[in-house]
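Peer 1:
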Amino acid sequence: MDTTLQDPLVGQLLDGRYRVDARIAVGGMATVYRAVDTRLDRVLALKVMHPTLATDVSFVERFIREAKSVARLAHPNVVQVFDQGADGAYVYLAMEYVAGCTLRDVLRERGALQPRAALDILEPVLAALGAAHRAGFVHRDMKPENVLIGDDGRVKVADFGLVRAVDTVTNTSGSVLGTVSYLAPEQIENGTADPRVDVYACGVVLYEMLTGDKPHDGDSPAVVLYKHLHEDVPPPSAAVPGLPYELDELVASATARTPDIRPHDAVALLAQLREARGTLSADQLDAMPPQALAAEHDNAEDRTSVIPRALTSPTLGFARAGGTPSRPLPVDEDEQEAGFHRTSRLQTPPPPPRRRSGVRRGPLAIVVAVLLVLGVGAGVWYINSGQFTRVPPLLAKTEAQAKDRLEEAGLEVGEVEHAYSDTVRRGTVISTDPKPGSRIRDNDSVTLTISDGPQTVKLPDLKGYRLDKARTVLKQDGLEPGMVTRAFSANVPKGFVISTTPAADTKVRAGSAVALTVSKGSPVDVPDVRGEDLVDAQAALEEAGLKVRVAAGQVTSSEFDKGQVARQSPTGGRQVAEGDTVTLTLSKGPPMVEVPDVVGDGVDDARRELEAAGFQVKEDRGLLGLFGDTVKGQSVEGGETAPKGSTITIKIR
Numbered sequence: 006m007d008t009t010l011q012d013p014l015v016g017q018l019l020d021g022r023y024r025v026d027a028r029i030a031v032g033g034m035a036t037v038y039r040a041v042d043t044r045l046d047r048v049l050a051l052k053v054m055h056p057t058l059a060t061d062v063s064f065v066e067r068f069i070r071e072a073k074s075v076a077r078l079a080h081p082n083v084v085q086v087f088d089q090g091a092d093g094a095y096v097y098l099a100m101e102y103v104a105g106c107t108l109r110d111v112l113r114e115r116g117a118l119q120p121r122a123a124l125d126i127l128e129p130v131l132a133a134l135g136a137a138h139r140a141g142f143v144h145r146d147m148k149p150e151n152v153l154i155g156d157d158g159r160v161k162v163a164d165f166g167l168v169r170a171v172d173t174v175t176n177t178s179g180s181v182l183g184t185v186s187y188l189a190p191e192q193i194e195n196g197t198a199d200p201r202v203d204v205y206a207c208g209v210v211l212y213e214m215l216t217g218d219k220p221h222d223g224d225s226p227a228v229v230l231y232k233h234l235h236e237d238v239p240p241p242s243a244a245v246p247g248l249p250y251e252l253d254e255l256v257a258s259a260t261a262r263t264p265d266i267r268p269h270d271a272v273a274l275l276a277q278l279r280e281a282r283g284t285l286s287a288d289q290l291d292a293m294p295p296q297a298l299a300a301e302h303d304n305a306e307d308r309t310s311v312i313p314r315a316l317t318s319p320t321l322g323f324a325r326a327g328g329t330p331s332r333p334l335p336v337d338e339d340e341q342e343a344g345f346h347r348t349s350r351l352q353t354p355p356p357p358p359r360r361r362s363g364v365r366r367g368p369l370a371i372v373v374a375v376l377l378v379l380g381v382g383a384g385v386w387y388i389n390s391g392q393f394t395r396v397p398p399l400l401a402k403t404e405a406q407a408k409d410r411l412e413e414a415g416l417e418v419g420e421v422e423h424a425y426s427d428t429v430r431r432g433t434v435i436s437t438d439p440k441p442g443s444r445i446r447d448n449d450s451v452t453l454t455i456s457d458g459p460q461t462v463k464l465p466d467l468k469g470y471r472l473d474k475a476r477t478v479l480k481q482d483g484l485e486p487g488m489v490t491r492a493f494s495a496n497v498p499k500g501f502v503i504s505t506t507p508a509a510d511t512k513v514r515a516g517s518a519v520a521l522t523v524s525k526g527s528p529v530d531v532p533d534v535r536g537e538d539l540v541d542a543q544a545a546l547e548e549a550g551l552k553v554r555v556a557a558g559q560v561t562s563s564e565f566d567k568g569q570v571a572r573q574s575p576t577g578g579r580q581v582a583e584g585d586t587v588t589l590t591l592s593k594g595p596p597m598v599e600v601p602d603v604v605g606d607g608v609d610d611a612r613r614e615l616e617a618a619g620f621q622v623k624e625d626r627g628l629l630g631l632f633g634d635t636v637k638g639q640s641v642e643g644g645e646t647a648p649k650g651s652t653i654t655i656k657i658r
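Laid out in structure tokens, this is it:
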């Protein structure tokens with residue numbers, strides 16, 4: 006059944022501009038429609054808040070405030086916000102329309118994705134989130150439903166910075182169950198939301214792309230929430246054997262239950278992703294997930310039929326043509342290597358025959374020779390296979406744990422180096438040399454790099470700095486200037502910093518964004534100067550500490566005479582900053598209107614005709630016209646013009 010037929014907005018013109026054509030989706034906070042901007046003739050998505058929420062004034066104000074902020078976030082992987090408004094009970098956002106599907110659609114159809122496809126999707130998602138995090142925004146609801154994949158292969162993130170109902174996590178609807186699957190432990194425990202909650206959600210999304218399932222499931226939201234709080238996200242390779250350990254470690258880093266261990270924002274996670282990707286071979290990136298291999302075995306034609314058209318783009322690595330990557334048998338590489346050498350030893354051609362000597366070898370000599378050959382052969386096999394081992398995975402292990410693991414593996418601890426890390430907890434391993442998984446000789450040494458935790462910077466006191474100088478100081482100290490908010494201040498001059506977020510002297514991570522509050526100067530009440538002559542209006546505004554600009558054009562006005570102020574912007578009564586400019590538009594006087602000829606008409610008829618033409622009427626009866634009812638004359642003769650709104654005197658005799 007077409008539910009859009011029952012939607013009262015479909016077919017309507019919202020706010021006199023947006024023609025609602027069809028309903029796309031319904032969420033807990035709003036309904037999304039496909040619409041046409043009749044003014045600019047373009048298709049867009051219209052997100053309309055549910056009327057029940059629109060009655061909450063504070064909710065609507067926050068919705069509008071955050072929507073305006075997000076509209077300033079220009080990034081190719083972020084769904085743009087074009088406009089915001091209200092039409093009666095309908096509060097809406099006009100947004101970019103992305104023709105295609107969501108990542109949720111892909112996972113329903115495809116299940117687990119190849120590593121290349123998963124990373125191709127996650128990389129632009131992290132780029133979008135990184136831009137938002139550095140601008141001071143937190144998404145707070147990252148999930149496959151909010152990742153849009155266009156028909157042209159572009160990946161975009163939707164629903165940036167929009168408010169969420171506080172009680173959604175306790176709701177037991179199916180859609181909410183999907184949302185709680187991506188909540189970070191600190192969101193559940195105390196409701197805090199900083200960039201690391203988006204990092205956690207992206208780790209869960211990566212796990213789901215690699216395995217086709219969410220890491221934590223349960224019969225109710227409460228069970229899922231409990232698992233997020235008390236259980237680590239398992240490595241993807243536990244569900245899909247053969248996935249590289251680099252992907253396990255990427256998921257583990259992003260979904261650490263302790264926020265301080267996670268990458269501090271999406272930019273840091275993106276760097277980890279690119280580093281991990283650089284270590285993977287083409288075969289590892291294009292390895293087919295188990296269900297894809299099974300489908301290929303059953304019916305080779307099904308490989309691409311389940312993928313929407315938009316997902317066949319080589320950019321995303323879906324459904325590549327030209328055959329399927331081979332999948333090696335799960336044989337331990339050490340055993341393969343050993344077997345190879347055993348085969349080589351047995352197939353080695355015998356040495357050339359020696360010249361016979363006069364001494365005949367007895368049985369004892371033959372036995373000794375055979376034992377020597379076997380002994381040498383066994384030694385060669387031992388040397389070639391038994392003396393190698395692999396560097397164990399040590400990332401995020403403490404220094405003591407790493408040393409124990411190396412000792413168990415028969416390896417020596419080499420140098421122990423230290424480095425700052427925004428993503429790895431203090432006192433744990435950042436990296437090893439050689440890297441984990443590398444094949445080295447027994448008893449060789451491995452260099453450990455231990456984290457000293459994030460490099461911190463003491464935030465300088467920027468109060469009283471000009472905005473441009475404050476930005477320079479932040480960059481010199483290894484920090485990023487963040488969002489700028491302007492506010493009135495009686496103490497801080499216009500254009501200078503009032504405060505920062507975080508506050509001065511706070512220790513923050515190097516590279517963190519710092520929000521700045523900048524003074525708009527002292528507040529000034531704008532005088533209402535409409536109807537005043539230009540000279541008087543300028544004097545009143547300048548006396549209030551404001552600048553004056555006179556608009557080039559003039560407007561006709563039936564209310565104000567020529568040369569008087571007909572309009573001003575901002576209007577009288579508004580508060581602006583000292584030194585702001587008020588624009589004045591002067592009147593070119595009322596429009597000239599032709600005066601009707603009413604001589605000979607009755608008084609009542611004459612009055613009606615003149616007032617209908619836009620004039621005021623005054624009667625002049627004199628002594629002889631006290632009882633008369635006929636117009637004998639008029640102050641402006643019929644057929645001439647007079648200013649609209651002026652007074653016409655009729656003489657009655």
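Take any residue in the sequence shown, note its place counting from 1, add 5, and you have its number in the working numbering.
Beta carbons are placed, not taken as given, at the ideal position from N, Cα and C, and that holds for glycine.
Quick one, which of V608, D634, G633 has its alpha-carbon nearest V622's?
Peer 2: V608
Peer 1: I154 and C106 look like a contact to me (Cβ under 8 Å); what is the Cβ gap, rounded to whole Å?
Peer 2: 6 Å
Peer 1: Identify whether P528 lies in helix, strand or coil by the three-state DSSP scheme.
Peer 2: In the structure shown, P528 adopts extended strand secondary structure according to DSSP, grouped into three states.
Peer 1: The alpha helix (DSSP H) that contains S258, what's its start and end?
Peer 2: Where S258 is concerned, the enclosing alpha helix (DSSP H) stretches over 250–259.
Peer 1: Secondary structure at H138, three-state DSSP: helix, strand or coil?
Peer 2: Here DSSP, grouped into helix, strand and coil, assigns H138 to helix.
Peer 1: If you draw a straight line from the C-alpha of A94 to the C-alpha of Y23, how long is it?
Peer 2: 15 Å
Peer 1: Helix, strand or coil for E583, going by three-state DSSP, please let me know.
Peer 2: coil
Peer 1: Report the CB separation of K52 from A35 in whole angstroms; it is logged as a contact under 8 Å.
Peer 2: 5 Å
Peer 1: Counting only runs that start and end within the stretch 475–538, where is the beta strand (DSSP E) found for 3 or more residues in a row?
Peer 2: 485–492, 502–506, 512–514, 518–524, 528–530
Peer 1: For the beta strand (DSSP E) holding K637, just list the boundary residues, first then last.
Peer 2: 636–639
Peer 1: Judging by CA-CA distance, which residue of K499, E599, L539, L285 is the nearest neighbour of E645?
Peer 2: Nearest C-alpha to E645: E599.
Peer 1: CA-CA distance, P439 and L453?
Peer 2: 9 Å
Peer 1: What do you get for L464, buried or exposed, if any count of 16 or more other CB atoms within 10 angstroms of its CB means buried?
Peer 2: buried
Peer 1: Following the continuous alpha helix (DSSP H) through I193, name the residue where it begins and the one where it ends.
Peer 2: 190–195
Peer 1: Given a cut-off of 9 Å, decide if V451 and L467 are closer than it, judged by their beta-carbon atoms.
Peer 2: no
Peer 1: State buried or exposed for P200, treating a residue as buried only when at least 16 other CB atoms are found within 10 Å of its CB.
Peer 2: buried
Peer 1: Can you tell me the Cβ-Cβ gap for A508 and M488, rounded? I've got them flagged as a contact below 8 Å.
Peer 2: M488 and A508 do not touch by the CB rule: their CB atoms are close to 16 Å apart, not below 8 Å.
Peer 1: Could you tell me which residues DSSP pairs with C106 in its beta bridges?
Peer 2: I154
Peer 1: The alpha helix (DSSP H) with V15 in it runs from where to where?
Peer 2: Where V15 is concerned, there is no enclosing alpha helix (DSSP H), because DSSP gives it neither an H nor an E.
Peer 1: Assuming contact is defined by CB atoms lying nearer than 9 Å, are G500 and R476 in contact in what I supplied?
Peer 2: no
Peer 1: Would you check if there are 3 or more beta carbon pairs closer than 8 Å linking the stretch 130–147 to the stretch 187–206?
Peer 2: yes
Peer 1: Between which two residues does the beta strand (DSSP E) carrying L453 extend?
Peer 2: 450–456
Peer 1: Sorted by chain position, which residues of the same chain lie with C-beta nearer than 8 Å to G442's C-beta, five sequence neighbours on each side aside?
Peer 2: So the qualifying residues of the chain are Y250, R395, V396, P398.
Peer 1: Using only the alpha-carbon positions, how far apart do L591 and D530 sit?
Peer 2: 21 Å
Peer 1: For V311, name the three-state secondary structure that DSSP assigns.
Peer 2: For V311, the predicted model reports a pLDDT of 29, less than 50, meaning its position is unreliable and no value from the coordinates is stated.
Peer 1: Report all residues from its chain with a CB closer than 8 Å to the CB of R576; omit the five preceding and five following residues, and keep chain order.
Peer 2: Rather than Arg, the amino acid found at residue 576 in this sequence is Thr. So the qualifying residues of the chain are V531, D533.
Peer 1: Keeping to the same chain, check which residues put their C-beta closer than 7 Å to that of G16; ignore five residues upstream and five downstream.
Peer 2: V25
Peer 1: Give the single residue among R77, F87, F68, D61 whose Cα lies nearest to the Cα of R47.
Peer 2: F87
Peer 1: With a threshold of 6 Å on Cβ separation, who are the neighbours of G21 within its own chain once the five nearest residues in sequence on each side are excluded?
Peer 2: none
Peer 1: List, from N- to C-terminal side, the alpha helix (DSSP H) runs of 4 residues or more that fit wholly inside the stretch 185–236.
Peer 2: Qualifying alpha helix (DSSP H) stretches, in chain order: 190–195, 200–216, 226–235.
Peer 1: Could you check which residue in A137, T635, E213 has the C-alpha nearest to that of P149?
Peer 2: The shortest C-alpha separation from P149 is found at E213.
Peer 1: With DSSP run on the structure shown, which of helix, strand or coil describes T588?
Peer 2: Note: T588 maps to strand in three-state DSSP.
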